[in-house]
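Visitor: Okay, here's the structure, questions in a sec.
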Amino acid sequence: MKFYLRNLGGALMGIFFWTLAVQSQDTLEQQGRIKALVDELRCPTCQGLSVKDSEAGFSVSIRNKAEEMVRQGYSDDEIRGFFVKRYGEWILRAPPKEGFNLILWALPGAAILFGLWMVFTKSRRWVEIEGKEVKQELSRTLSEEEENLVRQDLERFRQS
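Residue 159 in the numbering used here sits at position 159 of the sequence shown; the count goes up by one each step and never skips.
As structure tokens, this is what we get:
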């Protein structure tokens, strides 16, 4: 009888600890989602830190709320929407790609393209100007004195 009670107690304890472990652990997918979500959110009290990197009280509460919402089955967009509704668009580290914010996303690319265009056009002008100068120098005829000097130099070169 003691044997059965001991085995039954051990089995019940095993089941109890197993259910605790299963309930307390998030799946790898949930952990990845939580990390990605809290990395996208800005810490309300810290300068330039994400909620993931900050240990401030607000950040911890935001992180806990995001974890809770992921476990409850909310989608990433619903969670982002919740925090935007609560704190405003400022809470997002990257502005949404719509409306006026679209300019913020397009401006760096446009600036790079403009810079490349400027370099290309300026370099073509420099090449054209240098080419004209070389042609002008080549088209200029030598005076008799310069021709005599060139002939003398050629003779000295041939003799040496």
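In this text, a Cβ means the ideal position worked out from N, Cα and C, and glycines have one as well.
For R42, write down the residues that DSSP places opposite it in a beta bridge.
Guide: S50
Visitor: Can you tell me the Cα-Cα spacing of E128 and G115, whole angstroms?
Guide: 20 Å
Visitor: What distance in whole Å lies between the Cβ atoms of I79 and L37, which are believed to be in contact at a cut-off of 8 Å?
Guide: 6 Å
Visitor: Report the rounded CA-to-CA distance for E68 versus R33, giving the unit in angstroms.
Guide: It is roughly 12 Å from the alpha-carbon of E68 to the alpha-carbon of R33.
Visitor: Using the Cβ count rule (16 or more neighbours within 10 Å means buried), how would you classify A94?
Guide: exposed
Visitor: What span of residues does the alpha helix (DSSP H) with I79 cover, start to end?
Guide: D76 to Y87
Visitor: Does DSSP put L154 in a helix, a strand or coil?
Guide: Looking at L154 - three-state DSSP - the assignment turns out to be helix.
Visitor: Is L113 close to chain C? Criterion is C-beta to C-beta, closer than 7 Å.
Guide: The structure shown contains no chain C, having only a single protein chain.
Visitor: If you follow the alpha helix (DSSP H) that E67 is part of, which residue opens it and which one closes it?
Guide: G57 to R71 is the span of the alpha helix (DSSP H), which, as asked, contains E67.
Visitor: So, using beta-carbon positions, are S54 and C43 closer together than 7 Å?
Guide: yes
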